[in-house]
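Beneath this line is the structure, given in structure tokens, with notes to follow.
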RNA sequence: GCGCCCGUAGCUCAGGGGAUAGAGCAGUAGCCUUCUAAGCUAUUGGUCGUAGGUUCGAAUCCUACCGGGCGCACCA
């Protein structure tokens with residue numbers, strides 16, 4: 335009930351939802367309690383929920399349980415007494431007491447207003463302004479430029495992209511950023527790996543291997559020979575190649591658009607690392623010990639202080655990363671930065687949060703950790719052959735899913751997004767490969783294609799639809815489901831852990847309600863143009879909502895035909 | 001040893017104080033001279049890891065334990 339608890343707890347008004355009746359219900363309950371029992375209860379203490387089972391009505395209240403102890407009466411007696419008073423208002427078709435709960439059923443015409451709003455406002459139906467004037471950066475993927483993107487990057491990548499979409503829907507000024515680690519030790523290691531591949535260096539451990547390195551070596555023999563004493567420079571060149579030919583291409587095939595590709599090396603080139611360091615020095619947050627320089631992160635929640643300048647004078651990774659975040663807040667002035675990382679970095683996040691706390695921006699930085707992913711095929715973990723390198727790359731994944739890249743990416747996106755970040759995920763290749771109703775992605779896409787099919791088949795009728803004709807359960811339930819989107823979007827953007835996975839569940843639910851409606855209610859009926867017109871409105875509304883959730887938020891293509 | 005995450009149907013996962021615990025896949029039985037059957041309907045299947053505690057009420061919160069994953073560098 336996270337969703338409904340949010341609606342009860344939120345301090346911000348939900349822009350539009352059928353739940354706008356919530357406040358009215360609370361007032362009515364308050365007044366009835368006062369009339370029936372002479373007790374005053376604050377509306378803030380009244381909880382309205384939306385029961386999962388429709389037969390319990392549209393809303394329910396557990397107020398009787400809260401009052402039972404105080405009044406020394408059974409919840410059901412209290413509920414029954416309250417119902418008699420509550421039913422006097424005319425908002426509800428039915429108010430009843432069921433095993434202590436009070437259940438409310440809305441009059442049907444309350445739903446028509448929602449559908450009118452969807453048709454009138456289209457995309458903006460789901461938008462709101464709660465993050466207006468907020469400059470938010472979502473940093474994600476940020477994989478080292480030492481090799482192609484992997485499965486884990488896929489999860490983080492799609493999550494970051496979709497979260498950005500949601501934040502933008504709430505009025506935020508969102509920037510997507512990829513931090514290119516082209517300045518650290520891993521670049522030198524990449525350079526050494528190149529030399530190993532070229533036969534100019536003997537080294538067994540701590541090197542990268544893969545076809546992409548061998549290929550680059552083959553095309554750049556001369557250059558490598560010339561720079562063989564400077565592994566960092568070789569690594570830098572190779573990293574550039576990897577960025578351009580692998581990572582950027584993969585990001586593009588994932589249909590993710592970054593606003594910034596931010597270079598780590600540029601931090602050094604612009605002297606920002608020194609600047610950040612002297613800032614910390616001046617604040618007396620550093621000290622010398624054992625010939626190294628330490629940052630007092632333990633004063634900010636870390637379990638011990640961290641070295642930022644090594645004995646040999648080099649920076650540890652902590653220093654440029656702190657400089658990077660410092661720059662985000664002081665120069666670029668983001669109100670909020672959300673970093674998405676794989677769970678194997680969780681030790682790192684604690685350290686960085688402490689590090690950023692020394693700068694005074696602890697509350698402006700949020701880390702999202704996505705748990706591990708493994709591929710499963712025929713019930714067993716799938717592994718790549720040694721020849722291509724042990725890790726599964728994004729390209730491998732798309733190939734395994736099959737079909738066109740764009741479609742494979744949509745499948746991958748939907749699959750990754752349908753699990754909460756905390757779930758250790760098994761990616762079911764057999765289901766992903768399935769191009770049928772079994773695969774939830776196609777289930778949702780098919781619903782959209784159906785709306786298009788019906789609309790294109792119908793004759794345009796410009797007379798104002800009479801929505802009151804939509805009285806079937808299947809119709810009302812569909813509208814009800816459509817009405818939830820605005821609150822869902824807002825909840826995802828403003829709840830601490832950003833549960834974007836709820837979008838895919840929602841898309842499936844809408845598709846399900848729509849398919850059900852399709853089965854129960856014939857839309858185009860020449861004998862009954864008025865009803866046809868009303869139902870076409872509902873189909874249009876569904877198409878709008880599925881379009882928003884699929885295209886604008888989740889970020890998959892929604893085809894007109896399948 | 002310490003820290004983070006997970007343990008829910010045969011499988012993959014939602015739900016994270018409320019009413020008989022949900023979905024998809026797998027299984028079973030039906031539905032196409034009618035807007036796309038890539039669909040719909042019905043149905044089988046669960047001691048919510050274990051044991052305590054808090055509560056009118058616990059899958060949900062607390063504690064301990066048992067399983068599994070991942071982290072605990074002057075690597076990044």
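In the numbering used here, the protein residues as written are 335 to 896.
All C-beta atoms, glycine included, are put in the ideal place defined by N, C-alpha and C.
C-beta contact flag for residue i and residue j at 8 Å
i, j, result
"residue 581", "residue 465", "no"
"residue 576", "residue 546", "yes"
"residue 887", "residue 396", "no"
"residue 757", "residue 812", "no"
"residue 842", "residue 782", "no"
"residue 492", "residue 734", "no"
"residue 430", "residue 441", "no"
"residue 661", "residue 594", "no"
"residue 885", "residue 743", "no"
"residue 416", "residue 373", "no"
"residue 522", "residue 569", "yes"
"residue 826", "residue 755", "no"
"residue 844", "residue 672", "no"
"residue 596", "residue 652", "no"
"residue 631", "residue 688", "yes"
"residue 478", "residue 520", "yes"
Nearest neighbour of residue i, chosen from the options [CA to CA]
i, options, result
"residue 785", "590, 648, 878", "878"
"residue 791", "886, 753, 895, 802", "895"
"residue 848", "863, 859, 869", "869"
"residue 883", "459, 856, 654", "459"
"residue 807", "445, 379, 833, 368", "445"
"residue 805", "373, 666, 855", "855"
"residue 278", "809, 405, 423, 399", "For the chain, the structure presents residues 335 to 896; residue 278 sits outside this window and is missing."
"residue 543", "556, 529, 554", "529"
"residue 773", "642, 748, 797, 853", "748"
"residue 467", "893, 502, 829", "502"
"residue 357", "367, 366, 371, 377", "377"
"residue 359", "893, 555, 392", "392"
"residue 837", "741, 753, 718", "753"
"residue 633", "619, 646, 642, 627", "619"
"residue 828", "450, 371, 463, 443", "463"
"residue 507", "831, 406, 670", "670"
Inter-residue spacing [alpha-carbon to alpha-carbon] between residue i and residue j
i, j, result
"residue 389", "residue 835", "27 Å"
"residue 851", "residue 789", "15 Å"
"residue 563", "residue 524", "14 Å"
"residue 413", "residue 814", "26 Å"
"residue 385", "residue 668", "39 Å"
"residue 880", "residue 495", "18 Å"
"residue 724", "residue 684", "29 Å"
"residue 766", "residue 745", "6 Å"
"residue 679", "residue 474", "13 Å"
"residue 344", "residue 624", "Its pLDDT being 49, under 50, residue 344 is placed unreliably in this model, and the coordinates cannot settle the point."
"residue 699", "residue 793", "53 Å"
"residue 411", "residue 779", "49 Å"
"residue 690", "residue 823", "29 Å"
"residue 369", "residue 505", "43 Å"
"residue 469", "residue 638", "32 Å"
"residue 452", "residue 486", "37 Å"
"residue 761", "residue 716", "10 Å"
"residue 599", "residue 517", "4 Å"
"residue 611", "residue 693", "11 Å"
"residue 810", "residue 816", "10 Å"
"residue 820", "residue 696", "30 Å"
"residue 383", "residue 409", "17 Å"
"residue 621", "residue 657", "18 Å"
"residue 889", "residue 770", "20 Å"
Cβ distance (whole Å) where residue i is taken to contact residue j below 8 Å
i, j, result
"residue 763", "residue 711", "4 Å"
"residue 565", "residue 607", "At roughly 21 Å, the Cβ-Cβ gap does not stay under 8 Å, so residue 565 and residue 607 are not in contact."
"residue 364", "residue 381", "With 8 Å as the limit, residue 364 and residue 381 do not qualify as a contact, their Cβ atoms being about 13 Å apart."
"residue 531", "residue 548", "5 Å"
"residue 676", "residue 490", "6 Å"
"residue 394", "residue 436", "6 Å"
Any non-hydrogen atom of the ligand FMN within 7 Å of residue i CB
i, result
"residue 550", "Among the ligands in the structure shown, none appear at all, so the ligand FMN cannot be discussed."
What ranges does the beta strand (DSSP E) occupy inside the segment 389 to 433, keeping only unbroken runs of at least 3 residues that lie completely in it? List check, beta strand (DSSP E) in window: 393 to 395, 426 to 432.
At what residue ranges does the segment 709 to 778 contain a whole run of the beta strand (DSSP E), taking only runs of 3 or more? Taking only runs of at least 3 residues, the beta strand (DSSP E) segments lying wholly in the segment 709 to 778 are 759 to 762.
Entirely within the segment 643 to 711 and at least 4 residues each: give me those alpha helix (DSSP H) ranges in chain order. Within the segment 643 to 711, the complete alpha helix (DSSP H) runs of at least 4 residues fall at 652 to 664, 680 to 693.
Suppose only complete runs of 3+ residues qualify. What are the beta strand (DSSP E) ranges in the segment 463 to 536, listed by chain order? Whole beta strand (DSSP E) segments, 3+ residues: 469 to 473, 507 to 514.
At what residue ranges does the segment 783 to 837 contain a whole run of the beta strand (DSSP E), taking only runs of 3 or more? Runs found: none.
At 3 residues or longer, what runs of the beta strand (DSSP E) sit wholly inside the segment 563 to 635? Within the segment 563 to 635, complete beta strand (DSSP E) segments of at least 3 residues are found at 594 to 597, 620 to 623, 626 to 629, given in chain order.
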